[in-house]
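All remarks here apply to the structure that follows.
Shown next, in the form of structure tokens:
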């Protein structure tokens, strides 16, 4: 997905259905800052939605130190009409029964504003049939997501015979704006693209269990220790291209095409889901899950997905690229909100004269065996604040690309309190001094929730000509900003910890007993 | 995989075939410290093997800061007999043609030692047929790996009619010892388990392209932005269990079983690979790959796999668990090699009186926009050395579990040189002083390749009763070790950087122009 493709955040969405998919949609939209109104006739609909929201918040807190936008309100309402009134997008996620969906979509489209997109989450029913009674069928489209909706970016878009091209473009813009990756299915077909592939694998898996070749756990192991790892980054075609070596796809097909004639799948039939097969599936699946509840398994799945997405983001590839774009969007939204009114960095000064340039959520992977944030992550958070300071003075990545950069040469860090996973930490920053080639920075790391001071850090940075590797004077523009910031902060008292040294003299050669 | 299952590192393996799979096996075994002798009649066999070795080294350098064991030698030999002589395991990876494999396996088994396991990498040919002319068919087994063999842990084991149970157990122990995850296929069946699943999905994917429903890139996107992410951690059964909600597999099947009757896959036939379909596949695959060569795509794939495995290791789940076990094995091997001869930590002292407890390879994700290692990663490497020091004095994780731990309260870090991705860094450590509740540590971070001093770091640690959160005396045992180490290092000169402070006085309020 290119950032150039249009995005458009819906102001309000109306959701119909609060099952696994509907709850996931509620979380996906709310976390992106969209107001959600949801209807489901089930008495416990609110519980499922709130559980999905809690899982989604937890997952995104773990996935990204960037703060999400202000969360959209989620309101459980009492009728279809109440859910869709004033919505820009209606998303129906009822059970996979055609007649049920046709009636529900008719009712919703009659009550929704004329401009609203009417979308269904169906995994594979044909949109031309589902649109039978829709009011304004040109605005109807399939928007098929994948569980968990708040983490997996894929959403398949498929129009029916009467769906307009504008509807598909507008729906794609809505989904992109909430961090998803739309895939337009150009031909209306049962199962679209993804579910045809999933069903082929799933039906083969059922045959393996039905024929007693493998247990459900063995089938799963055959996926997750092998091809499943590849499929998280590359699909089956690009993967096989690589198996063919340098000669490309034609060579691969010449080499492996003949195996298509081998009896390597059970393609000619679908297993009958009789009592015996059903009992076997249930028994083996229970054994596989062991003592874990579905909620625990969901947490494990989400944690693994977060870790996989985190890794792919680091590579800037596949679904990781989609996550990185979501973060850029969130950062931009936060920067817009904090934009200095007079266009100078002085506006970044808080009323107390401190700079507040960075905050972060402690990630689960930052915890060590003592159960709290490991020491180098303290430096990571304050170093990110140093990076924000460098951007503020006009010496960030673009400046570095021009052949100059400030390098940290010395750090003095004091650890004052233990931070735990999920803690939100905020940094305040002071410029203590500078000359043409250096500046002296002091950060305090706070935990706003209880006002605790977590750490202080003092840094000396030197301005370097990166072509020669030698210290060199900074540009006039950067020195101007430093001078103004220094003047602004000159009245603040010198921090007690500044200029301190580690006093180990009394310990040296001590006889301790 | 439980660590309790037997492992047994083969001393030497004989490999037959140097294609994508054979080269991958060479890298997998060599990196684990196994000697490899390989035969392939192709004149450029050595090139492919060396390229695979280079990719494998790069991938594992990125995946793990733990140093791999001493690499096993890889020798390209001139005959089957030369490859298998004196081997504990013969691994055949010739093209997927039954007659070719039968002849090759007959020749290899006649020349191999009687105790050698004879394994084939076939993706789906039946072992009872491949064993037709094997000398000692009880020792013949399928060991089917997945590309890239040096990263993906799965290996399917399948015996033929005459294969002994001991052979399967021994082969599993060999594969586990080189960091793989054996899956025993209990019934001999074409395609085993994994390739039946892969082929079902692959044949459906070919239909989608043959019917012009989707391009190869759209098929791949439908996988990697959706279900593929899940499949890297959980297989299809556990994934669907979660889609059913709290009521388990029976509820899921009741809800989704009826969709088995929907025409959601193209199961009844296999597409004919005619010229037109072949041309379309080639054209679309070329477009998907764009300007990237296969070597570049392989690097991208490996980097993504490394990132995914890294993430799953953090969660301790699935393939990440297998990686963690490999690292534990490597750490244990390194510790065995460095085991103190007199049973005391004094043996950890190098001849110069310094402690050498930790080294690390700079990971690609540690680089910032300046193109070198970002500042907090310096602290990560020396903090890992502090952890190694804590383990040395008997105050590591087990000690912390008992309610006491040393916490770093103050750090002074000087950055002296820029580290780059792939640099190997080594830490030397000195105990500068201690009393009952504190110790004072000094690390130097070196780059052995050029002898550069990269950083120094000075730390004060306090011993804490983690129940009360207060400083408390360390145990007698820990204090004994500290006293002995202090005595050993007392003659070393005090480092010039110890006790220094950041001198910002001259910059304060300076008028810089």
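Chains as they are written, first to last, in my numbering: chain A, 1 to 513; chain B, 514 to 1026.
The C-beta atom is built at its ideal place from N, Cα and C for all residues, glycine as well.
Sub-9 Å separation of residue i and residue j beta-carbons
| i | j | result |
| --- | --- | --- |
| residue 21 of chain A | residue 698 of chain B | no |
| residue 607 of chain B | residue 614 of chain B | yes |
| residue 985 of chain B | residue 917 of chain B | yes |
| residue 370 of chain A | residue 837 of chain B | no |
| residue 890 of chain B | residue 407 of chain A | no |
| residue 510 of chain B | residue 940 of chain B | Look at the range of chain B in this structure, 514 to 1026, and you will see that residue 510 of chain B is not part of it. |
| residue 539 of chain B | residue 576 of chain B | no |
| residue 530 of chain B | residue 502 of chain A | no |
| residue 239 of chain A | residue 354 of chain A | no |
| residue 124 of chain A | residue 192 of chain A | yes |
Neighbour list for residue i in chain A, Cβ cutoff strictly below 8 Å
| i | result |
| --- | --- |
| residue 880 of chain B | Those within 8 Å of residue 880 of chain B in chain A number zero; the least Cβ separation is about 11 Å. |
| residue 915 of chain B | By Cβ distance, chain A contributes nothing, its closest Cβ being about 12 Å from residue 915 of chain B, past 8 Å. |
| residue 641 of chain B | Chain A residues near residue 641 of chain B: none, gap ~15 Å exceeds 8 Å. |
| residue 893 of chain B | 376 |
| residue 745 of chain B | 224, 228, 229, 231, 232, 304, 308 |
Cβ-based burial, residue i [other Cβ within 10 Å; buried from 16]
| i | result |
| --- | --- |
| residue 275 of chain A | exposed |
| residue 79 of chain A | exposed |
| residue 523 of chain B | buried |
| residue 464 of chain B | No statement about residue 464 of chain B is possible, as the shown extent of chain B runs from 514 to 1026 and does not include it. |
| residue 695 of chain B | buried |
| residue 811 of chain B | buried |
| residue 19 of chain A | buried |
| residue 980 of chain B | exposed |
| residue 448 of chain A | exposed |
| residue 733 of chain B | buried |
| residue 313 of chain A | buried |
| residue 528 of chain B | buried |
Euclidean distance between Cα positions of residue i and residue j
| i | j | result |
| --- | --- | --- |
| residue 1003 of chain B | residue 570 of chain B | 40 Å |
| residue 596 of chain B | residue 707 of chain B | 29 Å |
| residue 341 of chain A | residue 31 of chain A | Note on residue 341 of chain A: pLDDT 32, under 50, position unreliable in the model; the coordinate value appears next. Each residue's Cα considered, the two are about 28 Å apart. |
| residue 306 of chain A | residue 179 of chain A | 14 Å |
| residue 479 of chain A | residue 436 of chain A | 7 Å |
| residue 68 of chain A | residue 525 of chain B | 54 Å |
| residue 216 of chain A | residue 843 of chain B | 32 Å |
| residue 461 of chain B | residue 824 of chain B | Absent from the structure is residue 461 of chain B, since the part of chain B shown begins at 514 and ends at 1026. |
| residue 227 of chain A | residue 959 of chain B | 40 Å |
| residue 664 of chain B | residue 590 of chain B | 25 Å |
| residue 126 of chain A | residue 300 of chain A | 34 Å |
| residue 222 of chain A | residue 750 of chain B | 11 Å |
| residue 997 of chain B | residue 383 of chain A | 37 Å |
| residue 308 of chain A | residue 666 of chain B | 17 Å |
| residue 339 of chain A | residue 332 of chain A | Low confidence applies to residue 339 of chain A: its pLDDT is 38, below 50, so where it sits in the model is not reliable, and the reading given next is rough at best. Cα to Cα, residue 339 of chain A sits roughly 10 Å from residue 332 of chain A. |
| residue 875 of chain B | residue 966 of chain B | 15 Å |
| residue 59 of chain A | residue 200 of chain A | 30 Å |
| residue 23 of chain A | residue 71 of chain A | 15 Å |
| residue 685 of chain B | residue 252 of chain A | 30 Å |
Residues bridged to residue i (per DSSP)
| i | result |
| --- | --- |
| residue 923 of chain B | A:414, B:973 |
| residue 966 of chain B | B:959 |
| residue 873 of chain B | B:938 |
| residue 671 of chain B | B:655 |
| residue 170 of chain A | Answer is none; residue 170 of chain A lacks a bridge partner. |
| residue 120 of chain A | A:92, A:142 |
| residue 548 of chain B | B:525 |
| residue 465 of chain A | A:404, A:470 |
| residue 952 of chain B | B:947, B:974 |
Closer than 9 Å at the beta carbon, the chain B residues around residue i
| i | result |
| --- | --- |
| residue 502 of chain A | 923, 924, 925, 953, 971, 972, 973, 1011, 1012, 1013, 1014 |
Neighbouring residues, chain B, relative to residue i (Cβ below 8 Å)
| i | result |
| --- | --- |
| residue 150 of chain A | What residue 150 of chain A touches in chain B: nothing, since even the nearest Cβ is about 13 Å away. |
Under 7 Å from the C-beta of residue i: neighbouring residues of chain B
| i | result |
| --- | --- |
| residue 405 of chain A | 883 |
Amino acids of chain A, ordered along the chain, whose beta-carbon sits closer than 7 Å to that of residue i
| i | result |
| --- | --- |
| residue 830 of chain B | 300, 304 |
Neighbour list for residue i in chain A, Cβ cutoff strictly below 9 Å
| i | result |
| --- | --- |
| residue 690 of chain B | Those within 9 Å of residue 690 of chain B in chain A number zero; the least Cβ separation is about 16 Å. |
| residue 864 of chain B | Near residue 864 of chain B there are no residues of chain A at all, since even the closest Cβ is about 23 Å away, more than 9 Å. |
| residue 694 of chain B | 221, 225, 226 |
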